[in-house]
Amino acid sequence: MNNFKFWSPTEFVFGKNSVKNTAPLIKKYGGTKVLVHYGGQSAIKSGLLAEVERYLQNEFIEYVKLGGVQPNPVDTLVYEGIEICRKECVNFILAIGGGSVIDSAKAIAAGVPYTGDFWNFFERTVSINRALPVATILTIPAAGSEGSDSMVITKTRGALKRGAGSPLIRPVFAILDPVLTFTLPANQTAYGLADMMSHVMERYFTQTTGVEITDRLCEATLLTIINEGPKVIREPENYDARANIMWAGTVAHTGFCGVGREEDWATHGLEHELSALYGVAHGAGLAVLFPAWMQYVYRFGIDRFVLFATRVWNIEHSGDKKEVALKGIRALKDFFSSIGLPVNFKQLGAKASDIDRLIETLKINSGGKLGAFYPLNMEDARRIYEMAAME
Ligand code: NZQ
Ligand code: ZN
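Residues in the sequence shown are numbered from 311 upward in steps of one, following the working numbering.
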């Protein structure tokens with residue numbers, strides 16, 4: 311196991327009616343003027359936004375609102391948010407929504423106290439030294455941004471989708487009420503399941519040895535998602551299934567499952583190009599690319615793929631490692647299909663003829679190399695896109 315430092319200061323408040331804690335928590339973390347940031351429709355339609363406004367008004371907490379965050383959030387709204395916060399002397403950001411809203415909120419939070427262009431954080435030319443406190447009321451379990459130290463934003467010009475991170479952007483608190491997720495349609499629920507599974511798998515597939523504790527945490531999280539996932543699709547209002555999935559999404563990406571081991575993240579890098587080019591949901595792109603990545607790299611660490619097949623998918627060890635490894639990959643793909651996810655370019659709406667374009671931007675965004683389990687160059691990346699396009 312590698313040395314590590316792990317700091318995860320987020321206060322998680324979980325359960326039915328936990329939204330009632332919003333105002334006291336904002337006060338606890340020093341918020342006196344709040345930017346309430348939200349997405350397109352869902353928080354308005356469900357009444358959640360109005361409910362939160364009532365709580366703020368009752369406690370005399372001043373606020374301004376900025377809605378309209380789109381899935382795969384863009385830089386233009388971040389600039390707008392930074393300007394509003396400066397003009398209105400906002401000192402706290404509350405994100406109501408999923409990964410897209412939270413990431414947009416994080417980028418605004420880091421951008422407000424910084425005098426330069428916030429995109430520099432994504433160019434990695436400067437690091438984040440200060441940020442306004444961010445908090446969230448989560449409405450979709452998926453990206454894990456409610457507990458993570460990262461954010462992903464797309465620069466509209468050039469369609470560059472990039473990540474940046476800092477411990478300073480971890481939310482100070484996250485309210486998780488599984489009831490809020492009852493309204494999620496089956497497709498959004500499934501995208502979320504694919505994303506959280508991917509967050510675990512990016513960590514599970516490592517060459518670091520002697521990491522039994524995180525191996526087992528990863529396996530338990532995957533098994534939970536595999537068991538509870540189909541239930542939330544079948545029974546959207548099953549509280550316990552929604553609750554388990556909601557917490558699984560957080561556990562998958564706080565960093566807890568990856569400490570002490572080298573993580574991979576190549577598939578996320580490959581996927582960001584698909585969501586940047588086609589605007590597809592992140593989880594849908596991952597469902598297409600993860601099995602393809604696996605099929606390409608399993609030869610470079612077959613024992614780990616045998617573990618994945620036998621421990622996660624309960625596949626019997628026949629003695630032939632290759633056969634077992636491939637059965638595990640097949641099982642993952644079948645699972646994705648069974649919950650209605652796309653598993654190839656065609657089902658996703660991507661085109662093999664765009665692979666050159668994908669590689670072009672991937673090269674800019676990754677510097678030509680990505681991943682750690684088996685470090686990929688651009689030729690490897692091309693083969694993986696081709697495999698995903700062929701299936
Ligand atoms: O915009 P509204 O109307 O709110 O609709 C949203 C959106 O269309 C809808 N939705 C959310 N909660 C709902 C609901 N619909 C009905 N009922 C509810 N309760 O769901 C749609 C998707 O929302 P979005 O926030 O885009 O989903 P997700 O949480 O999957 O976030 C995806 C973004 O997170 C990034 C992705 O790249 C993508 O941009 N990621 C962020 C990470 C991080 N910060 O740590 C890590 C991830 O790997 C990921 O890359
Ligand atoms: Zn993800």
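Just so you know, even glycine gets a beta-carbon here, dropped at the ideal spot from N, CA and C.
When the Cα of residue i is compared with those of the options, which residue comes out closest?
| i | options | result |
| --- | --- | --- |
| L596 | M506, E670 and V634 | M506 |
| T560 | K541, P451 and V653 | P451 |
| T534 | V379, V462, L387 and L503 | L503 |
| V422 | S410, V388 and R434 | V388 |
| E512 | V444, V542, T466 and L599 | L599 |
| E573 | D666, S437, P685 and K471 | P685 |
| T464 | V411, F515 and Y514 | V411 |
| V329 | Q380, N548 and D487 | D487 |
| G454 | T425, G408, I394 and S647 | G408 |
| A474 | N439, A484, L494 and A445 | N439 |
| G340 | S356, Y365, A445 and V653 | A445 |
| L478 | Y514, I523 and M461 | M461 |
| S476 | V436, A496 and T518 | V436 |
| V622 | E696, G629 and V634 | V634 |
| N548 | V616, V323, F492 and C399 | F492 |
| E398 | Y373, T320 and T386 | Y373 |
| L494 | E529, I543, S508 and G638 | I543 |
| F280 | Q380, G377, M556 and L359 | The requested residue 280 is not part of the displayed model; the chain covers only 311 to 701. |
| F646 | D385, I536, T620 and I447 | I536 |
Out of curiosity, what's the CA-to-CA distance linking residue i and residue j?
| i | j | result |
| --- | --- | --- |
| T466 | L490 | 30 angstroms |
| D664 | A691 | 13 angstroms |
| H563 | L527 | 12 angstroms |
| F618 | I669 | 29 angstroms |
| I394 | A641 | 48 angstroms |
| A553 | D644 | 24 angstroms |
| F610 | F683 | 8 angstroms |
| S585 | G520 | 35 angstroms |
| H347 | A415 | 7 angstroms |
| I336 | R364 | 14 angstroms |
| A591 | D427 | 27 angstroms |
| Q517 | T499 | 31 angstroms |
| E583 | E545 | 33 angstroms |
| T671 | A333 | 43 angstroms |
| T524 | V569 | 7 angstroms |
| L376 | L345 | 7 angstroms |
| S628 | R614 | 16 angstroms |
| G638 | V400 | 50 angstroms |
| K338 | E321 | 11 angstroms |
Say yes only if the C-beta of residue i is nearer than 6 angstroms to one or more non-hydrogen atoms of the ligand ZN, and no if none qualify.
| i | result |
| --- | --- |
| D505 | yes |
Exposed or buried, which one is residue i when buried takes at least 16 other CB atoms within 10 Å?
| i | result |
| --- | --- |
| D413 | buried |
| N675 | buried |
| C567 | buried |
| N382 | buried |
| R472 | buried |
| E369 | exposed |
| T425 | exposed |
| I694 | buried |
| Q605 | buried |
| E433 | exposed |
| P319 | exposed |
Would you say the beta carbon of residue i comes nearer than 6 angstroms to a heavy atom of the ligand NZQ?
| i | result |
| --- | --- |
| D385 | no |
| S410 | yes |
| I759 | There is simply no residue 759 to check, as the chain begins at 311 and stops at 701 in what is shown. |
| A452 | yes |
| S458 | yes |
| G350 | yes |
| Q498 | yes |
| G407 | yes |
| D279 | Shown here, the chain extends from 311 to 701; a query on residue 279 therefore has no answer. |
| N327 | no |
Whole runs of the beta strand (DSSP E) within the stretch 471-551, excluding any shorter than 3 residues: 483-486
Runs of beta strand (DSSP E) wholly within the stretch 370-455 (minimum 3 residues, chain order): 372-376, 402-407 and 444-448
Complete beta strand (DSSP E) runs within the stretch 339-372 (minimum length 3 residues, chain order): 343-348
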